[in-house]
Amino acid sequence: MLTWILGLGGVVAAVPVQASDDHGAQASFAVRAQHLRLFGNEVVHDGVLVVENGKVRYAGDAKRAGEIGHDVIEHDGWLSAGLVACRSYSGTRGDTLEGKRPLTAEARIADVVALDHVDFERALAAGITTMVIAPSAANVVSGATAVVKTHGASFVSREAHLALSFSDSALRFNRYPTSYMAALGELENALARPSGVWKRVADGKLPVLLDAGSRDEIQRAVRFAKDHKLQGALSRAPWAGELADDVKQSGLAVIAGPFDVGTAERSLASVVALAKAGVPLAFGVDAPWNSEEGLRLSAAMCMRAGLDGRTAWESLTSTAAAVAGAGTRVGKLVSGYDADFVLWSGDPLDLTSRVVAVYVDGQRAFGGAE
Amino acid sequence: MNVFTASTRAAAIAIGALLLSANAAADGKLAIKAGKVVQGPGMPEIDKGVILIENGRIAAIGADVKVPWDATVIDAPKLVAFPGFVEAHSARGMDRPNENIDPAAFLSVRDSIDPVNFYFEDSLRWGITTINIQQGNNCVIAGQGMVVRPMGITIDEMTVKTVSGVKLSATPKAGMSAATQAQALRKAFGDLQRYLEQLVQEKKDGNDRARREALFQGRDLEGENAKGRAMEGSAWKVAGLELIPRGEIDEKQVPLLALVEGKLPAFFYCGRPMDVHRALEVARDNGFLARTTLVISPACYKAADVIAEAGVPVVLEGPVVFTETDPLTGAETEIFVPGELKKKNVRFALSSANTTTESLWFQAAQCVGRGMTKTDAVASVTTIPAEILGLGKQVGSLEVGKAGNVLLFSGEPLSVTSWVEKVVIEGKEAYDRSKDVRVKHLMAGKAPANTQAMGGSASAEKKVVCCEGEDPAEHAKHLEAEAKKKDKGEGEDK
Amino acid sequence: MSVYFGLAIALLAGAPQEDKDRTSWTISAEWVYTAAGDAIEGGLVTVSDGKIRSVSSGDGGQLQCFAVTPGLVDLSVRIDRGWNAVEQSREVTPEMRVVQALDWFDEGWMREARSGVTTAMVNVSDRNVVGGMSVVVKTAGASPQARTVKADSVLYGAIGSAPSSSNHPAYGRPDDFYSRRPTTRMGVEWEWRKAFYDAALAQRDKSKQVAGTTELQKVLAGEFPLMIQAWTTQDIRTAVFLKEELEREGLGAPRLIVDAAAEAWREPDLLVRTKTPVVLPPFAPQGRTGEGSFFALETAAQLDAKGLLVALSGHGARQVSQRLAYQPGYAMRGGMTFDAALKTVTINPARMVGVDRRVGSLESGKDADLVLWSGKPFELSSAVIGVLVDGRLILDPRQANK
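Here the protein sequences line up with chains A, B and C, keeping their order.
For the first sequence, this note's numbering assigns the number 379 to the last residue and increments by one with no breaks.
For the second sequence, this note's numbering assigns the number 485 to the last residue and increments by one with no breaks.
For the third sequence, this note's numbering assigns the number 478 to the last residue and increments by one with no breaks.
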């Protein structure tokens, strides 16, 4: 009996740490790469990244690095910050929806995420180092999102946003609520006399994640955020760009995608319009059901539709990190930030490039030795 | 034993006989004096005009026509006379419009028309006096239609033209795909050709199987049917057909042969623009394009160029406004289909929509609203359908020599506030609104006492008014007494 | 009559850019029908900053047509989000506001606007006994705020078979909330009476206050009308008797309006004695229409002759011939005069829900909502060739045939 329980417990509780190769153990070293993609659109040719104790100490032109004092790994390719996916369901094994109750504000997806799950290895293979794991959008209030590193079995945050849904997937025919009105009423009531997690939302300490599909749903979500002065982001919101001014005024960011080669022109044009209006953008994936590669592909599809490279790159890294609430830790190769970076065969914004190696918190998480 | 003898059928096919109403007495004279006479599209209107109808035909029409002393007179100084509307194609009024067999050209709607079907009564209400009844659109090759007048209790009384054409469809029948439908059409004519060739070959071989079969089936092999005739097909022919007495040809193949020989009109249904190509191809390949009329759905305006090039007229089924929805944006665009057809010089007739109040006057009025001239709009429901049916000299306008089919409107004919007050078909009064129980019911909601209004929908209202005006208390007692009687098996029969 | 037939359903894309935002126009027509008095032959309407400035004799307007009428008002436009716009977890939900489920982007709005309907009321669907509060909106405009004419216009509900149609009696183990009362018309009526009695009780006993009580109390106080959908004779009767019972018992004096009152022709005196306005559904070709009711063609004329306030509605019909613009024509076919028919789609519905200070007639100071016709309005041989909403051109009469 005990063995059986231990056996079950063992599956959930295992927290492996990869310590297989030389650079795995070392937390201080340097990487010299042909091209270094820095913050914004800046690319440094012949750059170096210096890692100390798992944090970035320096990233920039190799000539200005000065005395490095650590082993230098040579990389014949590109180096950039690790990608940040602002929506994913990795590691949850599909356990994202409370089917019987529409309002579960105190639930946390962090309680479900298995940090050692193979989903995260696939994420690493796609160059993703930080992910926002979200509960299903099929409930009006489904609970709190979590932010995880894809390696090292650690939570960046166990309560990053409160996930709310304004879309009709949260409405049912045979369960309360069946209507938009009742769903909105619940949200209004929760903020009228906030307690628990809602209190943190009302005080501005916890941002919200608003799922919305059609334009009227987006309009409702934006109005709600404005009325209650909420921070956070819209999620999915395919044609939000047609309401770009409204979205901009609300201060909400938009987590778009995932897009692939079949995505309609109109959805891509929407992202471009949002960027033009100055709305912060990030991308999400529907992993593990759709590929994690969708993150980079989404950005590339938007670039095809006219999104400029700088915004595209920021939406994959720095802006995404800010939306995830980890903007001071990840998303940029700047001194003091976590040493989460990827070695690519080419420019990460070029879809023909592939991941060569991934480092999280200075530990090699993926890829072979050179 | 088939109802039609081969000789009657051949005569009908060859001549397209127009049978005047058996009810018009040989010496019947009717004079209609109307406040205004609208003769037809583009023709002058006559104020205080008189229409004299003798023996079913218009004998005189004008402002100063001398009315014979023995004529019945309809004096209607406040009404407007108008030609009866012509419905170029309809599949209503029958027991069931569609048949299961693929090639069924040997069938005739004559066997299926129900003279007391609500449709005919309703047609009079809206002023339709000539109707081409064809089988439905869910077919490959369906049977032969006929032109009827909505008057009479037997088919014979109703018949205007015994055979008006064969119905075909390029749109897949239920259960078929476009490919199988096309194949079925080709096969029908392919089978005809093979059959005729087999007949000729058998005759040359001295095999009299066909003759024996004809005799066994009791077909008439005398007179015209004993003679053979070379095939007259303009697209393809079978050599040696003159060797075969016409009576020996299988009756199931005779109508298709007549079609290929250009002797029968064809009404070809196209539900989608792509079907237009198929229909024209089949008609061309088998030599009956010159006698083809396309029956099209509104979406087929997209194939207007192709139709115009083929030079065939069309009957437009359904509403005159077609809504196109953009699959990406959901935006709706409304297209006025007759306008598009007119731009491409396609000759068209309109048809009444399924709900019978959206009748021919209604469709014509909508056309005027959408920018068509009144002349063109009226023509599309009178003279053009008449021409399409080969009855251009008989119906469609009020002119000397044409049939006396006259409507009397309470006001401007295309106005929504006007009613059809009277309908005269070939000189005989067929409809009088003041006596129309159904209209009273539609207007007031209550059927008049001791009448039963017919309904158009499946749940026809059975309005049985018992003891109208009776005191409620008395009525309750009365009903109780009736209930007791019913239990005993007696009582009023309701 | 068809001089102005330069018609295509040209979307505004064809109009010059500057005209799209313009809100000041002059419109002249051979006939101006104001719905507020006599028609003006050879009339000119001046529009300034989205409001009507003047209506007088004159000609030479920037926009020309054969006839002008006020923008049409439809109190039962039925453009909504279907199942997602009615809260079916309970049958009585007066506190629900349908404006929160409104899809402002629905293509139906453009369809209605192009067909001449400029003001419309959206109601909660008839799946609930008491659905909730309705909203009066313009069919076109810059934003939801700009388009809202009156929030909380009426409390809407239904009597008949619709509210009970998905409910079933408890059998076996119920797995959803549709296993509940009402399953019959009796149950529906019970819910209505209970809702009002409870609301009245809550006035004395505050502990009985629940969601929706306030709205029901306001109905009893007559603050806004109570609109009940009742197609058939017995349902209209029930609605009127409900109102009379509430009055008789001293609970209050609700202002009743009956929606989709197809069989109002049968017992008009009930409506006359309670002075109940009616909204009629679209005319049906053979008379038979919703919930098995029979809609007599002369209903509108008959009720109008008895002094009732009558409005027509289009139910958001897709088919051109069923749209609101042609319903007065059918009413005239049933014996109504033109002037009365014009009122049924303009000032009458506006008055019923209290938006007649803004819309419903062509009078100085009112919103510049106009419909331009190619011929005599409501005739099938006429078409709507121009529409203005708040002075903005939604449909441009100057577009030539393509």
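A virtual CB, placed ideally from N, CA and C, is assigned to each residue, including glycine.
- Pairing B:L351 with A:R313, the inter-Cα distance amounts to about 53 Å.
- Exclusion of the five residues before and after A:P267 leaves F292, G293, V294, D295, N299, G303, L304, L306 and S307 as the residues of its chain whose Cβ lies within less than 8 Å of its Cβ.
- Annotated three-state conformation of C:M197 is strand, per DSSP.
- Sixteen is the threshold: when 16 or more other Cβ atoms of the shown chains lie within 10 Å of the Cβ of B:K393, as they do, the residue is buried.
- Taking the CA atoms as reference points, B:M142 sits about 13 Å from B:K413.
- No Cβ of chain C is located within less than 8 Å of the beta carbon of A:A282.
- For the set B:Q354, B:N108 and B:G118, the Cα lying nearest the Cα of B:V71 is the one of B:G118.
- Against chain B, the CB of C:E183 has a partner CB under 8 Å away; the residue lies at that interface.
- Not flagged as an interface residue toward chain C: B:E36, since no C-beta distance is shorter than 8 Å.
- Below 8 Å, too few C-beta pairs join the region 111 to 130 of chain C and the region 347 to 364 of chain C to call them touching: fewer than three.
- Taking 8 Å as the CB threshold, C:R157 lines the interface with chain A.
- Between C:F359 and C:F370, the gap from beta carbon to beta carbon reaches 8 Å or more.
- Residue contact with chain A for C:F253: present (Cβ-Cβ distance below 8 Å to some residue of chain A).
- Going by DSSP, A:N183 is part of no beta strand (DSSP E) at all; its letter is neither H nor E.
- Residues of the region 299 to 326 of chain C that bring their beta carbon within less than 9 Å of a beta carbon in chain A are absent altogether.
- Sorting B:A51, B:P68, B:V64 and B:D61 by C-alpha distance to the C-alpha of B:F400 places B:P68 at the top.
- Taking A:Q258 as reference, the option from A:G271, A:H79 and A:A234 with the minimal CA-CA separation is A:A234.
- A Cβ-Cβ distance of about 6 Å is found for the pair A:V365 and A:G86, placing them in contact under the 8 Å criterion.
- Taken in chain order, the unbroken stretches of beta strand (DSSP E) that lie wholly in the region 322 to 357 of chain B and span 3 residues or more are 323 to 327 and 339 to 341.
- C:T194 is not a Cβ neighbour of C:V212, given a cutoff of 8 Å.
- For A:F292, the three-state secondary structure derived from DSSP is strand.
- Secondary structure in the region 137 to 211 of chain B: the beta strand (DSSP E) runs of 3 residues or longer, each lying completely within the stretch, are 150 to 160 in chain order.
- Going by DSSP, C:Q293 is part of the alpha helix (DSSP H) stretching over T289 to L296.
- Distance check between C:W266 and each of C:G248, C:A315 and C:M172 places C:A315 closest, using alpha-carbon atoms only.
- Not a single C-beta of chain C is nearer than 8 Å to the C-beta of B:P106.
- Contact check for C:V460 against C:I470 fails: the beta carbons are separated by 8 Å or more.
- In summary, no residue of the region 231 to 246 of chain C has a CB separated from any CB of chain B by less than 9 Å.
- For the region 325 to 348 of chain C, the set of residues with a beta-carbon nearer than 8 Å to any beta-carbon of chain B comprises E339, W341 and R342, in chain order.
- By the C-beta density criterion, B:L206 is exposed, having fewer than 16 other C-beta atoms within 10 angstroms.
- C:D182: not part of any beta strand (DSSP E); DSSP gives it neither H nor E.
- The alpha-carbon of B:S114 is positioned some 19 Å away from that of C:L456.
- The DSSP-derived three-state label of B:R48 is strand.
- With its beta carbon less than 8 Å from one in chain A, C:A177 belongs to the interface.
- Contact between A:G222 and A:Q240 does not hold, since the beta-carbon distance rounds to 22 Å and is not under 8 Å.
- Contact annotation: the region 94 to 111 of chain B does not touch the region 359 to 373 of chain B, with fewer than three C-beta pairs closer than 8 Å.
- Distances from the CA of B:N89 to each of B:E215, B:R83, B:Q126 and B:W60 were compared; the closest alpha carbon is that of B:Q126.
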